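There are 2 protein chains.
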Amino acid sequence: MTTMKEIAQRTGVSVSTVSLVLNGRDEGRVKSEVAAEVRRTAKELGYTSNPLARSLRTGKTRILGFVSEEVATTPYAGGIILGAQDAASRLGYMLLTVNTDGRANEDEEIATLKRYGVDGFMYAKMSNRYVDVPAVLDDYPLVLVDATDRAGRIPSIEPDEFRIAYDATMRLVDAGCERIAYVGCDEPMVAQEGRLAGYRSALEDAGRVFDEALVANVLNNGPALRAVDALFDRESPDGFFCFNDARAWYVYECAARRGLTVGRDVSVVGVDNHRIFAETLEPQLTTVELPHYEMGYWAACKLVSLIEDRDPSGFDVPDTTAPLPPYDGCNPAKVHCTLVEKASVRGSAQSDALSPA
Amino acid sequence: MTTMKEIAQRTGVSVSTVSLVLNGRDEGRVKSEVAAEVRRTAKELGYTSNPLARSLRTGKTRILGFVSEEVATTPYAGGIILGAQDAASRLGYMLLTVNTDGRANEDEEIATLKRYGVDGFMYAKMSNRYVDVPAVLDDYPLVLVDATDRAGRIPSIEPDEFRIAYDATMRLVDAGCERIAYVGCDEPMVAQEGRLAGYRSALEDAGRVFDEALVANVLNNGPALRAVDALFDRESPDGFFCFNDARAWYVYECAARRGLTVGRDVSVVGVDNHRIFAETLEPQLTTVELPHYEMGYWAACKLVSLIEDRDPSGFDVPDTTAPLPPYDGCNPAKVHCTLVEKASVRGSAQSDALSPA
DNA sequence: GTGAAAGCGCTAACAC
DNA sequence: GTGTTAGCGCTTTCAC
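Encoded structure:
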């Protein structure tokens, strides 16, 4: 690793001058020929700065701390972290991630991140819920990801749960479904509340009456499967909005057992959490893809804007090949969902699905 | 953040002495009363070392680089990274992870990690395949995770693919299945090769003949579903070993359409990649859980042993509440799979599944 | 046994 | 315009 010292020696100037030039602070301070020569030598020697040494001096590490739980148990995390990493990388930051097993080791992990000198924190949950932010984060720049501050003080990047369900339900209405069921999650959380409200609102805007009987909030495994089965028997729905792919799977199994084909006989719009829809059932349903990558990306942007105390919308994000969501400085923001229309819902019949036996 | 300097001042000794004591090198060099006083003061002031400053001096950062691709698209990654993080954390290291989009930005990301002074690298793939290790990693301690070095030079931690399939197939044999199908992946890779061989071997050891017609290597979506459907029609298998949950899903759907219940009429053993089995179908099948966490954990242990050039089995891993896989210093290692028996396979009938309509 | 001093690579006052 | 100097927090050699 070449150092500024070496460049200084080769160029015959002092280290300070090299530092000035290589940090772009030479304008009007260093003669341009000298500056050019320094830059040339730096390039020739393949100089890259030593972030540790710089940090020691400046007190800034350009490292962002990413604190989350459950990273091991959901694939959500990957997308969020990737987005955060990409944004960080483009803004010249690194991401240091830690996992916590609930509150137990959380403070400790955060303390470790502090020791490594992170400039700020992202605090992520893997499904939008109300959180009490740990006090140890109080005096650091902080952004919540897929979580909502109960106290309403901390900026957060979260999906627009209401709109997810509203749009999905409207899609089913537009497809001609008469009896639209909501297969939700039997746990109180922001996502569940918001989505149920969106479902209800869409129905009302479409001139339907909200019917409690069409709502099945289920947990998992056998009991969930039986609950969905009962819903089929009792209400004969022809459209389903599913909270996630696990719930959609129950609908699939129940439909299959009745000789009904999803995408032809019944319609399903589901939130794809495990990316398994895309891999297995793409042609048969409409998926709602949560913008995990974008949430991570925007969260990192927001955090950097807090750290550097500058206008977040003015980010000079370099172009790359991958298409990027424009960052609009939202704060606190609801990130819109993405409705990915994979195929027909009920009504159009070019389904790629297997016909009933 | 308190520094050694402050401790030195409060204690009336020099910084060097404090350093000696706080690094445990005081034995026979510093009077024990002084050492005790230093330690007391450090504790009182809540001293924690500044890793950056130390690194600047020692050239060691106690940071491990974790390079992987596809983190966003598979939930595998979470488990591996979590394991690696846990091990790193216990051994006093941090994990700096980067994602790559294929070879394109890989060298660049690795270069960034180098700039941050990582002591070594883990290079992970998200499904066991042969890899050519990037040359830029050549002069660093390196361990592959869920990947196999084509050149056979680099140690790796990978699942024992053969044994996964062997055990799973034997399980189906033991359950009384007569016609056991292999629903695999239509791509050449270590996992696929190893598993097909294990399947074949188990059949032969059970006195069966391997029958090509029972092997369906499929891709996904409609074509995969139709291929599995054809397999049902053509061969009427009563047992299935599935490469992953996506493949198992096709089996589920085909079975459901025929009024067959998995766990009663047909048996399925599948590798659970997306953790969706556990959430949805737990009672109906036997899942093979790949030891992602353990792979990450052991990989980090192995890497640290390379970095510190010490016997890997001698790790003094502190006890915690969570049960941990013992690290046995394997190198290069095959990590055994974990067969998690959730329920009956064919023959015993206490399935919690929904009965056919 | 303990302290003074040098230096890791870099930045930032302040001289000149 | 450029160099000198000091110092971020720590480790390590070498005097005393």
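One line per chain: the protein sequences are V and S, in this order.
Quick note, the first sequence lines up with residues 1 to 357 if you use full-length UniProt numbering.
Quick note, the second sequence lines up with residues 1 to 357 if you use full-length UniProt numbering.
All residues carry an ideal CB built from backbone N, CA and C; glycine is no exception.
If you're wondering where the values come from, they're calculated on a predicted model, not measured in any experiment.
Check your understanding: When the Cβ atoms of the segment 62–70 of chain V are set against those of the segment 112–121 of chain V, are three or more pairs found closer than 8 Å?
Key -> yes
Check your understanding: Candidates V:N99, V:M126 and V:A104: which alpha carbon is nearest L113 (chain V)'s?
Key -> The sequence position of residue 113 (chain V) within the first sequence is 113, counting from 1. L113 (chain V) has its Cα closest to that of V:N99, out of V:N99, V:M126 and V:A104.
Practice item. Can you check DSSP and say which residues form a bridge with L96 (chain S)? Key: In the second sequence, the residue the question calls residue 96 (chain S) occupies position 96. The partner list for L96 (chain S) (beta bridge, DSSP) reads S:G65.
Check your understanding: Listed from N- to C-terminal order along the chain, which residues in the UniProt domain "HTH lacI-type" (2–58) of chain S have their beta-carbon within a distance smaller than 9 Å of any beta-carbon of chain V?
Key -> T48, S49, N50, P51, L52, A53, S55 and L56
Check your understanding: Should P188 (chain S) be listed as close to the ligand MN, given that the test is whether its C-beta is under 8 Å from any heavy atom?
Key -> By its list of ligands, the structure shown contains no ligand whatsoever, and the ligand MN lies outside what it can speak to.
Exercise for review: Report the option in S:L303, S:L219, S:S305 and S:V173 whose CA atom is closest to the CA atom of S267 (chain S).
Suggested key: Numbered from its first residue, the second sequence carries residue 267 (chain S) at position 267. Nearest of S:L303, S:L219, S:S305 and S:V173 to S267 (chain S), Cα basis: S:V173.
Check your understanding: On the three-pair Cβ rule with 8 Å, is the segment 291–307 of chain V touching the segment 81–97 of chain V?
Key -> yes
Point to revise | Alpha carbon of A175 (chain V) to alpha carbon of V131 (chain V), nearest angstrom | key: Taking the first sequence and counting its residues from 1, the one referred to as residue 175 (chain V) is at position 175. Taking the first sequence and counting its residues from 1, the one referred to as residue 131 (chain V) is at position 131. Each residue's Cα considered, the two are about 37 Å apart.
Check your understanding: Going along chain S, which residues have a C-beta under 9 Å from R103 (chain V)?
Key -> To locate residue 103 (chain V), count along the first sequence from 1; it is residue 103. Neighbours of R103 (chain V) on chain S: none; closest Cβ ~14 Å, over 9 Å.
Review point. Excluding sequence positions up to five away, which residues of its chain have a Cβ less than 8 Å from the Cβ of residue 376 (chain V)?
Key: An answer regarding residue 376 (chain V) cannot be provided, because it is not within the stretch 1 to 357 covered by chain V.
Review point. Taking the C-alpha atoms as reference points, what is the distance between P291 (chain S) and M189 (chain V)?
Key: Along the second sequence, read from residue 1 onward, the residue named residue 291 (chain S) stands at position 291. Along the first sequence, read from residue 1 onward, the residue named residue 189 (chain V) stands at position 189. C-alpha separation (whole angstroms): 31 Å.
Exercise for review: Pick out the complete alpha helix (DSSP H) segments inside the segment 151–212 of chain S, 4 residues or longer, and give them in chain order.
Suggested key: 161–174 and 190–205
**Study point:** Extent of the continuous beta strand (DSSP E) run through N217 (chain V)
**Key:** Residue mapping note: residue 217 (chain V) aligns to position 217 of the first sequence, counting from 1. Start and end: V215 to V218.
Exercise for review: Report the neighbours of G117 (chain V) on chain S: residues whose CB is nearer than 7 Å to its CB, in chain order.
Suggested key: Residue numbering aside, residue 117 (chain V) sits at position 117 when the first sequence is read from its first letter. Within 7 Å Cβ-Cβ: L52.
Practice item. Quick one: measure Cβ to Cβ for A77 (chain S) and M126 (chain S), integer angstroms, because I've assumed they're closer than 8 Å. Key: Position 77 of the second sequence, counted from the first residue, corresponds to residue 77 (chain S). Position 126 of the second sequence, counted from the first residue, corresponds to residue 126 (chain S). 6 Å between Cβ atoms; contact.
Practice item. State whether the segment 159–172 of chain V contacts the segment 185–200 of chain V, with contact taken as three or more CB pairs (one from each stretch) at a distance under 8 Å. Key: yes
Exercise for review: Compute the Euclidean distance between the alpha carbons of V228 (chain V) and A248 (chain V), then round it to the nearest angstrom.
Suggested key: As a working mapping, residue 228 (chain V) is identified with position 228 in the first sequence. As a working mapping, residue 248 (chain V) is identified with position 248 in the first sequence. Rounded to the nearest angstrom, the two C-alpha atoms are 10 Å apart.
**Study point:** Boundaries of the beta strand (DSSP E) in which M122 (chain S) is found, first to last residue
**Key:** As a working note, residue 122 (chain S) is residue 122 in the second sequence. Element bounds for M122 (chain S): G120 to A124.
**Study point:** Limits of the unbroken beta strand (DSSP E) element including D229 (chain V)
**Key:** Counted from its first residue, the first sequence places residue 229 (chain V) at position 229. D229 (chain V) -> not in any beta strand (DSSP E); alpha helix (DSSP H) instead, spanning N221 to E235.
Review point. So the beta strand (DSSP E) T287 (chain S) belongs to, where does it begin and stop?
Key: Here the question's residue 287 (chain S) lines up with position 287 in the second sequence. Taken as a continuous stretch (DSSP letters only), the beta strand (DSSP E) holding T287 (chain S) covers T286 to E289.
Practice item. Would you mind reading off the limits of the beta strand (DSSP E) that contains L144 (chain V)? Key: Within the first sequence, numbered from 1, the residue matching residue 144 (chain V) stands at position 144. Unbroken beta strand (DSSP E) run through L144 (chain V): L142 to V145.
Exercise for review: Using a Cβ-Cβ cut-off of 9 Å, state whether E253 (chain S) counts as contacting chain V.
Suggested key: The count along the second sequence starts at 1 and reaches residue 253 (chain S) at position 253. Yes, its Cβ sits closer than 9 Å to a Cβ of chain V.
Check your understanding: Of all Cβ atoms in chain S, is any one closer than 9 Å to the Cβ of D146 (chain V)?
Key -> Position 146 of the first sequence, counted from the start, is the residue given in the question as residue 146 (chain V). No, because no Cβ of chain S sits closer than 9 Å to the Cβ of D146 (chain V).
Review point. Listing by chain order, which chain S residues have their CB less than 9 Å from the CB of A84 (chain V)?
Key: In the first sequence, counting from the first residue as 1, residue 84 (chain V) sits at position 84. Within chain S, no residue comes near A84 (chain V); the closest Cβ sits about 10 Å away, beyond 9 Å.
Check your understanding: Do A255 (chain S) and F232 (chain S) have their C-beta atoms within less than 9 Å of each other?
Key -> As a working mapping, residue 255 (chain S) is identified with position 255 in the second sequence. As a working mapping, residue 232 (chain S) is identified with position 232 in the second sequence. The answer is yes: Cβ separation under 9 Å.
Check your understanding: Would DSSP call G263 (chain V) helix, strand or coil?
Key -> Looking up residue 263 (chain V) in the first sequence gives position 263. Of the three classes helix, strand and coil, the one that applies to G263 (chain V) here is coil, per DSSP.
Point to revise | Among V:R57, V:N220 and V:V215, the one whose alpha carbon lies nearest that of G239 (chain V) | key: The residue labelled residue 239 (chain V) in the question sits at position 239 within the first sequence. Taking only the C-alpha atoms, the option nearest G239 (chain V) is V:V215.
**Study point:** Member of V:P155, V:G92, V:I157 and V:D138 whose CA lies at the smallest distance from the CA of I110 (chain V)
**Key:** For this step, residue 110 (chain V) is matched to residue 110 along the first sequence. The shortest C-alpha separation from I110 (chain V) is found at V:D138.
Point to revise | Which residues DSSP lists as bridging E242 (chain S), in chain order | key: Position 242 of the second sequence, counted from the start, is the residue given in the question as residue 242 (chain S). According to the sequence as given, residue 242 (chain S) is Cys; it is not Glu. S:V183 and S:G270, per the DSSP bridge assignment.
Practice item. Could you tell me if T48 (chain S) is buried or exposed, where buried requires 16 or more neighbouring beta carbons within 10 angstroms of its beta carbon? Key: Sequence index remark: in the second sequence, residue 48 (chain S) carries index 48 (1-based). Exposed.
Point to revise | Start-to-end residues for the alpha helix (DSSP H) that takes in P134 (chain S) | key: For the purposes of this step, residue 134 (chain S) is identified with residue 134 of the second sequence, where counting begins at 1. No alpha helix (DSSP H) holds P134 (chain S); DSSP gives it neither H nor E.
Check your understanding: How long is the line joining the alpha carbons of S16 (chain V) and H274 (chain S), rounded to whole angstroms?
Key -> Numbered from 1 along the first sequence, position 16 holds the residue referred to as residue 16 (chain V). Numbered from 1 along the second sequence, position 274 holds the residue referred to as residue 274 (chain S). Taking the straight line from one Cα to the other gives about 54 Å.
Exercise for review: Quick one: residues in its chain with C-beta nearer than 6 Å to the C-beta of A202 (chain S), no 5 flanking neighbours on either side, listed in chain order?
Suggested key: Position 202 of the second sequence holds residue 202 (chain S). Excluding positions up to five away in sequence, the list reads Y166, T169 and M170.
Check your understanding: Where do the ends of the alpha helix (DSSP H) carrying K43 (chain V) lie?
Key -> Along the first sequence, one-based indexing puts residue 43 (chain V) at 43. Element bounds for K43 (chain V): S32 to L45.
Review point. If you drop the 5 nearest sequence neighbours on each side, which residues of the same chain put their C-beta closer than 7 Å to that of T2 (chain V)?
Key: Within the first sequence, numbered from 1, the residue matching residue 2 (chain V) stands at position 2. For T2 (chain V), where only same-chain residues beyond five positions count, the Cβ hits under 7 Å are L45, G46 and Y47.
Review point. Buried or exposed: which applies to S89 (chain S), given that a residue is buried once 16 or more other Cβ atoms fall within 10 Å of its Cβ?
Key: As a first step, residue 89 (chain S) is located in the second sequence; it is residue number 89 there, counting from the start. Label assigned to S89 (chain S): buried.
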